[in-house]
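K.L.:
Please find one structure pasted underneath; my questions will follow.
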Amino acid sequence: MGIAVPGALALMADPVASLVDTAFIGHIGPVELAAVGVSIAVFNQVSRIAIFPLVSVTTSFVAEEDAMSGDTDKNEMNSENEPNVSDSEMEELVSHEETRAASSKSSFETDSSGVKTEYKQKNIPSVSTALLLGGVLGLLQALLLVVCAKPLLGYMGVKPGSAMLMPALKYLVVRSLGAPAVLLSLAMQGVFRGLKDTKTPLYATVAGDATNIVLDPIFMFVFHYGVSGAAIAHVISQYFIASILLWRLRLHVDLLPPSFKHLQFSRFLKNGFLLLARVIAATCCVTLSASMAARLGSVPMAAFQICMQIWLASSLLADGLAFAGQAILASAFARKHHSKAAATASRILQLGLILGLVLSILLGIGLRIGSRLFTDDKDVLRHIYLGIPVNLYADANIIAILNLIIVRIPQLYTRAWYPF
1 MGIAVPGALA
11 LMADPVASLV
21 DTAFIGHIGP
31 VELAAVGVSI
41 AVFNQVSRIA
51 IFPLVSVTTS
61 FVAEEDAMSG
71 DTDKNEMNSE
81 NEPNVSDSEM
91 EELVSHEETR
101 AASSKSSFET
111 DSSGVKTEYK
121 QKNIPSVSTA
131 LLLGGVLGLL
141 QALLLVVCAK
151 PLLGYMGVKP
161 GSAMLMPALK
171 YLVVRSLGAP
181 AVLLSLAMQG
191 VFRGLKDTKT
201 PLYATVAGDA
211 TNIVLDPIFM
221 FVFHYGVSGA
231 AIAHVISQYF
241 IASILLWRLR
251 LHVDLLPPSF
261 KHLQFSRFLK
271 NGFLLLARVI
281 AATCCVTLSA
291 SMAARLGSVP
301 MAAFQICMQI
311 WLASSLLADG
321 LAFAGQAILA
331 SAFARKHHSK
341 AAATASRILQ
351 LGLILGLVLS
361 ILLGIGLRIG
371 SRLFTDDKDV
381 LRHIYLGIPV
391 NLYADANIIA
401 ILNLIIVRIP
411 QLYTRAWYPF
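Using the UniProt record's numbering, the letters of the sequence shown map in sequence onto residues 1 to 420.
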């Protein structure tokens, strides 16, 4: 739970910030709220195809390499205490230590009182690979969304004559500029999870999303940028989060690999493709739902946007459990602790089922009471009330299934590298 709770809170921070965005935009009008809902659906559809495989693979690989590195260090400490080492063995040990010294660095951080703290930097090739892939995928995503924004919105049901087109287009284009920061920050969060540190991503995410909440009313109502102001605030917050995570990560991990051959592109791509089927299935369902809601008009789409954001904010609690289990499982398989792996998987599934049932009850009570925070439109509220039973069923069932998928897939490809 020490890993799961901060991880869950970090995952919830961004949907909560999106809920605040939704609340501000909802008071502009139902058309703007519906337009932003379509734009967010498009952005998330494109993002998740890259995000989920990248983060999941990064978490597992970093956890494996960190566990193996720790075991290597223990073996070396034990070997130092063994007597009667021959000259040839001593030369080999010295050569190995020189190699480790070249790939291991120390960094220092000075606090406000002038005290220096030394951090031992680890050389984990998966970290450099994940950051490079995250940056490249983020740039490609930004380019795709900026160039193809109008056709993508048309595919979602926002036709050229629709009142939703201009606000949706403005929001999507500006929001797309933050895609590199989103992919980079999520890749770094995967690294921290693999190192079993979920508090650093939590602090960075809370700081960034607090910035977003503060900037939202300034850009939207003081500068009168409307939905574009909400997108600008969101982009600034994402780059702020990425900067914090990069600053903290450099203290613990050597970000630059010793050479290009140490990068693990083939391993990332091979295992990342195994996760694409799950991602495409999940995101296509959400995108299809958003597209159908947009075709029904601005009022149903506005209600859909509010329900979706609330459901995402609550259901992402399950990801905290899942990623904690993933990091522990990867380490357990790397060290061949199979009983620990089985116990971890069982406990994560049990907690996921309990969490789904608890959230279904809380949403049933809270959504009917709290929906007026997002809109005062009676028609939108009526559609929200119609969607409450669907949200309850989804939370009770999908969370348990989601944990099963996230926990089992890393087991499958980790077992390929570390068979029983």
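Heads up, the beta-carbon is just placed ideally off N, CA and C, and yes, glycines get one too.
Remember, it's a predicted structure, so these values are computed and weren't measured experimentally.
1) Near E64, which residues of its chain fall below 6 Å by C-beta distance, leaving aside the five closest residues on each side in sequence?
2) Can you give me the C-alpha to C-alpha distance between I280 and S291, rounded to a whole angstrom?
3) Mind pulling the beta strand (DSSP E) runs of 3 or more residues that sit fully within the stretch 251 to 298?
4) Taking DSSP as the reference, what is the three-state secondary structure of K122?
5) For G190 versus T59, is the C-beta distance shorter than 8 Å?
6) For the alpha helix (DSSP H) containing S346, list its first residue and its last residue.
7) Determine the extent of the alpha helix (DSSP H) in which A168 is found, giving its start and end residues.
8) Take G178 and list the residues in its own chain whose beta-carbon comes closer than 6 Å to its own, dropping the five residues that flank it on each side.
9) With H, G and I counted as helix, E and B as strand and the rest as coil, what does DSSP make of K150?
10) With F192 as the anchor, note down where its alpha helix (DSSP H) starts and where it stops.
11) So, for V16: in the same chain, excluding its five sequence neighbours on each side, which residues have a beta-carbon less than 6 Å away from its beta-carbon?
12) On a Cα-Cα basis, can you pick out the residue from N271, I365, A343 and I218 that is closest to D21?
13) Exposed or buried, what is A342 when buried is set at 16 or more other beta-carbons lying within 10 Å of its beta-carbon?
14) The alpha helix (DSSP H) spanning L202 covers which residue range?
15) Rounding to the nearest angstrom, what Cα-Cα distance links R415 and M68 in this structure?
16) Quick one: what does DSSP say T375 is sitting in, helix, strand or coil?
17) Put Y239 into one of helix, strand or coil per three-state DSSP.
18) For L202, collect the residues of the same chain with a Cβ closer than 6 Å to its Cβ; drop the 5 residues on either side in sequence, then sort them by chain order.
19) Taking DSSP as the reference, what is the three-state secondary structure of H27?
20) Using the C-alpha atoms, what's the distance from L152 back to D379?
21) Whole angstroms are fine: how far does the CA of R278 sit from the CA of A168?
22) CB-CB under 6 Å to Y225, same chain, minus the five flanking residues each way: which ones, in chain order?
23) Check this for me: beta carbons of A327 and G134, under 8 Å apart or not?
24) Relative to the alpha-carbon of A345, which residue among L355, A332, L362 and A210 has its alpha-carbon at the smallest distance?
25) Put M308 into one of helix, strand or coil per three-state DSSP.
26) Among F304, I49 and D377, which residue has its Cα nearest to the Cα of G29?
27) Within 8 Å, do at least three Cβ pairs link the stretch 204 to 211 to the stretch 264 to 271?
28) Check whether the stretch 296 to 308 and the stretch 47 to 57 are in contact - that is, three or more C-beta pairs closer than 8 Å.
29) Should F374 go down as buried or exposed, given a rule of 16 or more other Cβ atoms within 10 Å for buried?
30) Among A204, A41, G26 and V182, which residue has its Cα nearest to the Cα of W247?
31) Pick helix, strand or coil for S162, following the three-state DSSP scheme.
P.N.:
Taking the structure as given:
1) So the list reads A330 and A334, once near-sequence residues are dropped.
2) Using only the alpha carbons, I get a separation of about 16 Å.
3) If only complete runs of 3 or more residues are kept, the stretch 251 to 298 shows no beta strand (DSSP E) anywhere.
4) In the structure shown, K122 sits in a strand (DSSP, three-state: E or B).
5) Contact: yes.
6) Counting along the chain, the alpha helix (DSSP H) containing S346 begins and ends at H338 to G370.
7) A168 -> alpha helix (DSSP H) spans L165 to S176.
8) Result list for G178: V235 and Q238, in chain order.
9) Correct three-state label for K150: helix.
10) Where F192 is concerned, the enclosing alpha helix (DSSP H) stretches over A179 to G194.
11) Closer than 6 Å at the Cβ level, and outside the excluded window around V16, lie A313.
12) Among N271, I365, A343 and I218, the Cα nearest to that of D21 is on I218.
13) So A342 counts as exposed.
14) L202: member of the alpha helix (DSSP H) spanning K199 to P217, first to last residue.
15) Per-residue confidence for R415 stands at a pLDDT of 40, beneath the threshold of 50, marking its modelled position as unreliable; the derived number appears in the next sentence. Their backbone Cα atoms lie some 15 Å apart in a straight line.
16) In this structure, T375 counts as coil in the three-state DSSP scheme.
17) In the structure shown, Y239 sits in a helix (DSSP, three-state: H, G or I).
18) Cβ within range, chain order: P6, L9 and A10.
19) The DSSP-derived three-state label of H27 is coil.
20) Each residue's Cα considered, the two are about 27 Å apart.
21) In a straight line, the C-alpha of A168 is about 28 Å away from that of R278.
22) Only F219 meet the Cβ criterion.
23) The answer is no: Cβ separation not under 8 Å.
24) Of L355, A332, L362 and A210, the residue nearest in Cα terms is A332.
25) Of the three classes helix, strand and coil, the one that applies to M308 here is helix, per DSSP.
26) For G29, the nearest C-alpha among the options comes from D377.
27) No contact exists between the stretch 264 to 271 and the stretch 204 to 211.
28) In short, these stretches do not touch, since the Cβ pair count stays below three.
29) Of the other Cβ atoms in all chains shown, 16 or more fall within 10 Å of the Cβ of F374; this residue is therefore buried.
30) Nearest C-alpha to W247 among A204, A41, G26 and V182: A204.
31) S162: coil per DSSP, three-state reduction.
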